[in-house]
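Chains as they are written, first to last, in the working numbering: chain D, 11 to 323; chain F, 47 to 194; chain Z, 7 to 509; chain E, 229 to 895.
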Amino acid sequence: MKPKVAFYWCASCGGCEEAVLDLAEDVLPVLEAVDIVFWPVALDFKEHDVEAMADASIDVAFVNGAVRTTEQLRMARLMRRKSRFVVGFGACAQQGGIPGLSNLTTAAATMQEAYGEGTKPQTNCPVNGYALDLPTLFDTVLPLDRAIPVDYNVPGCPPSPKIIAAALQAFLSGTLPEPGSVLAPDRAMCEECPRTDSHPNELRLEHFHRVPEIVIDPEMCILAQGVPCLGPSTRAGCGARCINGNMPCTGCFGPTSKVRDYGAKALCSIASVMGCNDPAEIDAALEEIADPAGTFYRYSLASSFLERKRMEI
Amino acid sequence: MPEDFEPRIVAFFCNWCTYLAADLAGTSRIKYLPNAEVVRVMCSGRIDVQFVLKAFAKGADGVLIGGCHPGDCHYQEGNYKCLRRFRLVQRLLKQMGIEQERLRLEWISAAEGDRVRVVINDMVQTLKRLGPAPKLVEQAADLTEVNA
Amino acid sequence: MATQTAVPTKRRITIDPITRLEGHGRIEIFLDDAGHVERAFFQVPELRGFEKFVQGRQAEDMPQITSRICGVCPMAHHMASTKALDGLYQTPPPPAARKIRELVYHTFMTEDHALHFYFLGGPDFVVGPRAPAAERNILGVIARVGKETAGRVIAMRRKLRELIAIAAGKAIHPVFGVPGGVAKALNAEQAGQFRAVAEEAVEFARFSLDIFDKAVLSNSAYVDLICSDAFTHKTYYMGMVDDRNRVAFYDGALRVVGPDGKECARFRPEQYADYIEEHAEPWTYMKFCHLKTPGWNGLADGPESGIYSVAPLARLNVSDGMATPLAQEAYQRYFATLGGKPVHHTLANHWARLIEMLYAAERMRELAADPEIADPRVRTIPTHAPREGVGVVEAPRGTLIHHYRSDGRGIVTKATLIVATQHNAGRIALSVEKAARSLISGPVVDEGVLNMVEMAFRAYDPCLGCATHALPGSIPLAVCVHGRDGAVVATLRRDADGSVHRE
Amino acid sequence: MSENNGSNGAVRIGVYTCHCGANIAATVDVKAVAEYARSLPNVAVSREYKYMCSDPGQDLIRQDIRDHQLNRVVVASCSPHLHEHTFRTALKVGGLNPFFFHMVNIREQASWVHENKIHATRKAKDLVRAAVRRVARHEALERGRVAIHPDVLVVGGGIAGIHAALTLANAGKHVFLVEREATIGGHMAKFDKTFPTLDCAACILTPKMSAVRAHPNITLWTYAEVTQVDGFVGSYKVTVNRRPRYVDEDLCAGCLDCIEACVYKQAKVPDEFNMNLGKRKPIYVPFPQAVPLVPVIDPETCIQFKSGKCKKTCVDACGERHAINLRAEAKQETIEVGTVILSTGFQTFDAARTPEYGYGVHPNVYTALEVERLVNASGPTNGEVVMRDGKTPGAVGIIHCVGSRDERTNRWCSRVCCMYSLKLAHLIKEHTGAEIFNFYIDMRTPGKGFEEFYQKLLSERVHFVRGRVAEVTDWALQPSEEGKLVIQVEDTLAGFVRRIPVDMVVLATGLEPHADAQEVRRMFNITCAREGFFLERHPKLAPVNTFTDGIFLAGCCQGPKDIPDTVAQAGAAAAEAMALIDAGYVETEPNTAHVMEEVCAGCKTCIPMCPYHAISFMLDIHKSHINEALCKGCGTCVAACPAGAIKQNLFDDDEIFEEIEGILTNA
């Protein structure tokens, strides 16, 4: 009997689904090998169909997107209950992703920004006699594993075809690593970076550069050029896609298993390779890292130790 | 803020300078406030920014880093690595809504036992003025809303 | 849930996992005592909040951050954002960089239009609106056009997306856009790959138009359907045109024509705020865009209502022609067939889309053949302090506006993002209500009705992915029919595979 | 013996809270702490005991390891710097790997620094909780061994350095003795007699000096300075800069004809060795018994160097030997040694910093060291105590504690001034029969024969006035004061202010660290105490050790002391060095870092982090590698590794995170 597979999405952009489609011809054999019991984007099964299933009757559920609304949380819990394995699929599920940057602000401030002083959407709004409702937003975006227990994660924004295929294969062949693992190499991206050899042995940066200021040499290690590249902090598996686009790694694959807080560690190592000792020189150099939170926690703020900005909510 | 608020400080002291200074303060019976609890590391260069943020995440009201004076590092340059990380993480803390005074870096040599007193007492006063570090409670509210 | 306590349990019936999962595109229909549609609502129930949390970010990070608004058309956001940075830093890209951007962008337009026609919009026509629901999906299309053609579609799309990855790093969430240029030059070999695939793409687009000819235009029933009143709205239209008022995707002026097809505005993208504004309703997170003149007069069409639409239908309506020969032929035939400009038939979007696909492919071919495309000079280093910038492109689904302000260090202080589906929101609501009104009478609602309603909806290819997560056009609808008392008379659902369910 | 590496079975922790007599128990509720520890997870045993470091205390641990199958131990007592080694040894003896141990410092960091028992106890509990969580993550470790290079560097050729060098050399160790001045001997060489025995300094020192010169195991470099020190215990790489003396030590026979032949017929240059009370020539030996007895040419004053127009009579005088080389240049010597003894000595307090005593204003105000030269038979006056005006003083005032025990200058007691003041009083009286007045704050004679010497002076009718002198002035208020220096002082015994006219004033200047002590300390990577003297590892348990393994202290660079103490300390330092050398190796802390190759992606971030070049990049497998022998365990690379691919023994992330959470997890 084919393994039962479910796909589900929370707060995400749809890129993870596109990434699955991008397997193109390759996805077909995989899809034939499994029995997809739930895929809102493509198939007609509804919540009560899932409710009706026996607990743990779905073999594996791939869930992408962060958890940001009560419904997403409720559905995530449902998937958890019905599935033997839940796999966080993509950066948003694993780390909160870019929507996690909302943790630098609040739902109220977000509404204010969008609608100003005028009419604001109401979660419960009678419109001339008709009762309509809208869901509520959390102030804090949660990575999937802070909403429900997650067995595995497939990293990336979006995950690369290579590791998607590998992950599906791992489930089909039952060759699974220990629970809690991230289904990608447990080494930093430099390993697969074509420029890694151009990183000098004794790198000491006196200055940092922001992208607009510098023409990035397409052959040389980007960090060595003074542009904060997070490849050294970031898990491999993407195939150095951004580097091949001649842009620095921004860390969508998250940390290795040895690092607890991606951004803190990335920040720590970037600061370590600085050359200057004088506080004034250090500060001058750091001026070029104008947005540490957005630079080091681009995808991982919601999964960081601090989780969100401390503020009145 | 409650009147009796006692700030909790996690202090990372390097083995060769600041930790010895604390020992000296002890042997000299110098009295200071009991709010700081010390984690000993061999060098301030060992202090990972993760440690600092973990401390804040776990409810520390302040984090104190003590290392050898510039030029005096037992390991030559570890304290400069520490300084660079400190300057950068300060910028991050600001964005995360954590007052920069809550993280403090002090050079205290093995001879400066009294400096330990001055720094810790002063930091405690600062933290009492700032009040407890804002804790992460709001998200729990989100979750309970769903469970309701 | 909070809302449950506020309103009796009947509301829960409308809360359907499908609509929930998609999170979006919920439709609520309320009937009067006579069982006629009194009111229908199209709701978008989520707010992504990008405009807020991008404040404080480095401006140069915006193209990569905002592409995460939508994983379906990330290139559109990436490009609009990159152009906004050009403006922010007052640094136009060097010629090669501009051409590389255009080349990649037209590659993307070709690929995205293909996706919609074959995977999403196609079934309605290729298979047929009245075909059994179970067949009315991509598999049905494959059955009709043959496996070999299907394979061609998949392969074409893959090649196009691989090209995008070569130039932009990634097809999903590209990285190559930087203020005043692109991060990476194309080498001669890569330009060659583009040329080769462009040839194929042109052929592929023509072939797709042929399929449309055979499957749709040769079928008078379909043509009647397209032209039927249920799918017709006389609204304003907006789209981007070049200096000769031909359809433009990457750059140009914004042109607005009225229900009568006459130009009533033509302005530079950065002036958008002088012409359009957003209107909020308490029952949806989606903001409705409308023209400042005549202004917001509720959900109505006609010259008195500021509601307008964008996307292929609109783009063809606002333009005087296409900039490439083959597309121009198709353009003329299109208006000849549909009775001249403007075309108000929502379903004509599908045809217009294919014409645009042909244009995109032809444009791709031109650009790939341009020797300057391989010029290594692809960056201009900004010398001005950043201040404010507006970037506008035509996304597959219509005009996309990114507008940033920053401080002197290039830290974003304010961002306004207007996505295609917001321009269309008013007209989508109209279409849904009109389809409902004209098709539903009495509580008996059958599948046909539902499919008609969805066709109206899907024709816009509403990339709710930009404000929601749904793949374009595949919005499974839940229609809840309420009696006067508000009690639900019926809930029907039309899902992506075309099947319909009554509950 | 077979050692439990802890891998077997569940974690079983023994927690031991020490009273340290009342040191801890007075301020920390030790019972409560032990009680609390018992409630913590994985804790199998929790005890409190009067003195954990005592044998019975250690036996407790050893016993419990056996009886309760403990595989982790926490001791809450004093600073790990004091007893970590003690308890680790106890574990080892108990059959447990010594690194399954963590020490909690509730004395220096709780009981001694806090007053409120509730707070101190709460803090102690927090720290114990943190340690219990931490120690559970500890792993079995082995100490590394570093071979000790048998050669020793002794820096400073005063009596301390001389004695240490000879002791080592006699034991067959090769010693490099480096002295900044042109001769060894240091301050002691300037003294006439030594207290309290009054035996002649030269008689006891000069034989040792020539013994150094003669000793086959000693390489003596005078007129030389250490300029660079690399490496660590066992193998220090040291660079020595030998300044040119322009007279070749190997060729010179010490006939001193060159000095005689100098175009300067009369010595015209102030003679530093004689505190500028005498004169020397541009080519000179500091004093007749100098070692090496090789002249130095002072380029500042030599005509040849200043104008190039000298007849170079010295060169002619040297003749066939060609020992004089006016073109000589500085020589850099690089040596490797396993251990270092610092005996860099002290400088005397600059009397000008106490202007009220008129030094430099009134010609007849002298420092003690100047008087040492005056009373010295080989001094500028051949032992005659005559003042600058040539007169012999009839009354002399000796002012104690100049630059000692003084809030405005140096706060410490210089330990030797009382005794040398008595000595000088005796000598001056002996030489001149003058009336001697000692002005003292307290008379400190805490040494063998010291008090007796004081009594002897009293019997010699030397006057003693207790009181800190207010000023020394030549402003006469009455005829008897005309032409005299008047010492104004409050006699705190008599209880009134006295004005005592004298002819000569001697300032008993104190001892202080060398001006460049800080540079030296940095070079050798050791610590200075607050006042600037080099800091010993422990005042009682390791008085000649520093915090840097293999570097030892002897003499006044560690603090003021007299000759007997200095020599004793020099012997001790030599013994410590020998202990290392004869052991042949030193056991290192296993707190080194290592790369987890399966995680390392070869990003090279770690490589510039290491000040010891312990990290290399292995091109074949494209990963970093840490040479554990070179790693000093600072952990900087561990924090810097962006992938978390480097572990540090004893300070691994797992351990430190547990400690942090432990502290902040309120029970």
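Cβ coordinates follow ideal geometry from the N, Cα and C atoms, glycine included.
Cβ-based neighbour list, C538/E, same chain, cut-off 8 angstroms, excluding 5 preceding and 5 following:
The sequence position of residue 538/E within the fourth sequence is 310, counting from 1. Apart from the 5 residues on each side of it in sequence, C538/E sits with its Cβ closer than 8 angstroms to the Cβ of V491, C530, I531, Q532 in its chain, given in chain order.
From the DSSP output, which residues share a beta bridge with D526/E?
Numbered from 1 along the fourth sequence, position 298 holds the residue referred to as residue 526/E. D526/E pairs with nothing; no bridge assigned.
Kindly confirm or deny that the stretch 131-141 of chain F and the stretch 89-102 of chain F touch, where touching means at least three C-beta pairs closer than 8 angstroms.
Yes, since at least three Cβ pairs between the stretch 131-141 of chain F and the stretch 89-102 of chain F fall closer than 8 angstroms, the two stretches touch.
Cut-off 6 angstroms between Cβ atoms - residues of its own chain near E152/F, not counting five sequence neighbours on either side
In the second sequence, the residue the question calls residue 152/F occupies position 106. Answer for E152/F: G112, V165, listed in chain order.
Quick one: complete beta strand (DSSP E) runs, 3+ long, within the stretch 210-260 of chain Z?
Runs found: 242-247.
Would you say S282/D faces chain F, with C-beta separation under 7 angstroms as the test?
Here the question's residue 282/D lines up with position 272 in the first sequence. Answer yes: the Cβ-Cβ gap between S282/D and chain F drops below 7 angstroms somewhere.
L53/Z versus chain D: which residues are under 8 angstroms apart at the beta carbon?
The residue given as residue 53/Z occupies position 47 in the third sequence. Simply T120, M121, A124, P131, L147.
Buried or exposed (CB count within 10 angstroms, at least 16 for buried), S305/E:
Working through the fourth sequence from its first residue, we reach residue 305/E at position 77. With 16 or more Cβ atoms within 10 Å of its Cβ, S305/E is classed as buried.
Distance, P159/D Cα to V96/D Cα:
Position 86 of the first sequence, counted from the first residue, corresponds to residue 96/D. Position 149 of the first sequence, counted from the first residue, corresponds to residue 159/D. Whole-angstrom Cα-Cα distance: 8 angstroms.
Determine the burial state of F667/E: buried for a count of at least 16 other Cβ atoms within 10 Å of its Cβ, exposed for fewer.
The residue labelled residue 667/E in the question sits at position 439 within the fourth sequence. The residue in question, F667/E, is buried, as its Cβ has 16 or more Cβ neighbours within 10 Å.
Residues of chain Z with CB closer than 9 angstroms to the CB of V221/D, please, in chain order.
For the purposes of this step, residue 221/D is identified with residue 211 of the first sequence, where counting begins at 1. Neighbours of V221/D on chain Z, chain order: Q64, E66, D67, V184, P185, A189.
Under 7 angstroms between the Cβ atoms of N267/E and V243/E?
The residue you call residue 267/E lines up with position 39 of the fourth sequence. The residue you call residue 243/E lines up with position 15 of the fourth sequence. One point to set straight first is that residue 267/E is Ser, not Asn, in the sequence displayed. Taking 7 angstroms as the Cβ cut-off, S267/E and V243/E do not qualify as a contacting pair.
How long is the line joining the alpha carbons of H247/E and C281/E, rounded to whole angstroms?
On the fourth sequence, position 19 is the one that residue 247/E refers to. On the fourth sequence, position 53 is the one that residue 281/E refers to. So the two alpha carbons sit approximately 10 angstroms from each other.
Going along chain D in order, which residues have a C-beta closer than 7 angstroms to the C-beta of V438/Z?
Reading the third sequence from its first residue, position 432 is the one you call residue 438/Z. By Cβ distance, chain D contributes nothing, its closest Cβ being about 14 angstroms from V438/Z, past 7 angstroms.
Looking at A204/Z: is its Cβ nearer than 7 angstroms to the Cβ of R371/Z?
As a working mapping, residue 204/Z is identified with position 198 in the third sequence. As a working mapping, residue 371/Z is identified with position 365 in the third sequence. Remark: C-beta atoms of A204/Z and R371/Z approach each other more closely than 7 angstroms.
Which residues does DSSP pair with H330/E in a beta bridge?
Locating residue 330/E in the fourth sequence gives position 102, where the first residue counts as 1. Per the DSSP secondary-structure output, H330/E pairs in a beta bridge with V302/E.
Could you check whether the Cβ of D65/D sits closer than 7 angstroms to any Cβ belonging to chain Z?
As a first step, residue 65/D is located in the first sequence; it is residue number 55 there, counting from the start. Chain Z, which has no Cβ nearer than 7 angstroms to the Cβ of D65/D, makes this no.
Rounding to the nearest angstrom, what Cα-Cα distance links W62/F and F775/E in this structure?
As a first step, residue 62/F must be located in the second sequence, where it is residue number 16. As a first step, residue 775/E must be located in the fourth sequence, where it is residue number 547. Each residue's alpha carbon lies about 8 angstroms from the other.
How is the alpha helix (DSSP H) around A101/F delimited, first residue to last?
Counting from 1 along the second sequence, the entry for residue 101/F is found at position 55. Residues 95-103.
Could you pull the DSSP bridge partners for C538/E from this structure?
Your numbering for residue 538/E matches position 310 in the fourth sequence. Looking at the DSSP output, C538/E bridges to nothing.
Which residues in chain E sit within 9 angstroms of P242/D, going by Cβ to Cβ distance?
Within the first sequence, the letter at position 232 stands for residue 242/D. Chain order gives the chain E residues near P242/D as A829, C831, K832, T833, C869, P870, A871, where near means a beta carbon separation below 9 angstroms.
Is it the case that the CB of Q61/Z approaches a heavy atom of the ligand FMN more closely than 6 angstroms?
This structure simply doesn't include the ligand FMN, nor any ligand for that matter.
With a CB to CB cut of under 7 angstroms and the five nearest residues on each side skipped, what residues in its chain are close to D155/D?
By one-based count along the first sequence, residue 155/D stands at place 145. Leaving aside the five residues that flank D155/D on each side, the residues in its chain whose CB is nearer than 7 angstroms to its CB run, in chain order, G98.
Could you work out which residue in C785/E, Y277/E, M751/E is closest to A757/E when comparing CA atoms only?
As a working mapping, residue 757/E is identified with position 529 in the fourth sequence. With distances taken between Cα atoms, A757/E lies closest to C785/E.
Are the beta-carbon atoms of R214/D and A246/D separated by less than 7 angstroms?
Here residue 214/D is taken as the residue at index 204 of the first sequence, counted from 1. Here residue 246/D is taken as the residue at index 236 of the first sequence, counted from 1. The criterion of a C-beta distance shorter than 7 angstroms is not satisfied by R214/D and A246/D.
Around the C-beta of W357/Z, are 16 or more other C-beta atoms found within 10 angstroms, so that it is buried, or is it exposed?
Position 351 of the third sequence, counted from the first residue, corresponds to residue 357/Z. By the beta-carbon neighbour count (other beta carbons within 10 angstroms, threshold 16), W357/Z is buried.
Which of the three DSSP states is assigned to L858/E in this structure?
Here the question's residue 858/E lines up with position 630 in the fourth sequence. Three-state result, L858/E: coil.
Whose Cβ in chain Z lies nearer than 7 angstroms to the Cβ of E35/D?
Your numbering for residue 35/D matches position 25 in the first sequence. By Cβ distance, chain Z contributes I160.
Quick one: does H342/E have its CB under 7 angstroms from some CB of chain F?
Position 114 of the fourth sequence holds residue 342/E. Yes, H342/E counts as interfacial toward chain F.
Whole angstroms is fine: what's the gap from R411/Z's alpha carbon to G159/F's?
On the third sequence, residue 411/Z is found 405 positions in, with the first residue counted as 1. On the second sequence, residue 159/F is found 113 positions in, with the first residue counted as 1. It is roughly 52 angstroms from the alpha-carbon of R411/Z to the alpha-carbon of G159/F.
Does the beta carbon of C239/D sit closer than 7 angstroms to a beta carbon anywhere in chain Z?
Counting from one through the first sequence, the residue named residue 239/D turns up at place 229. No, no contact with chain Z.
With A68/F as the anchor, note down where its alpha helix (DSSP H) starts and where it stops.
The count along the second sequence starts at 1 and reaches residue 68/F at position 22. 64-73 is the span of the alpha helix (DSSP H), which, as asked, contains A68/F.
Distance cutoff 7 angstroms, beta carbons only. Does I126/F sit that close to anything in chain E?
Position 80 of the second sequence holds residue 126/F. It is Tyr, not Ile, that sits at residue 126/F in the sequence shown. No, no contact with chain E.
List, in chain order, every chain D residue whose beta-carbon is nearer than 7 angstroms to that of I144/F.
Within the second sequence, the letter at position 98 stands for residue 144/F. Correct list: R320.
Give the residues of chain F in contact with R94/D, contact being defined as C-beta atoms less than 7 angstroms apart.
If you number the first sequence from 1, residue 94/D lands on position 84. Within chain F, no residue comes near R94/D; the closest Cβ sits about 23 angstroms away, beyond 7 angstroms.
According to DSSP, which residues form a beta bridge with K127/F?
Along the second sequence, one-based indexing puts residue 127/F at 81. Paired residues: none, contrary to the question.
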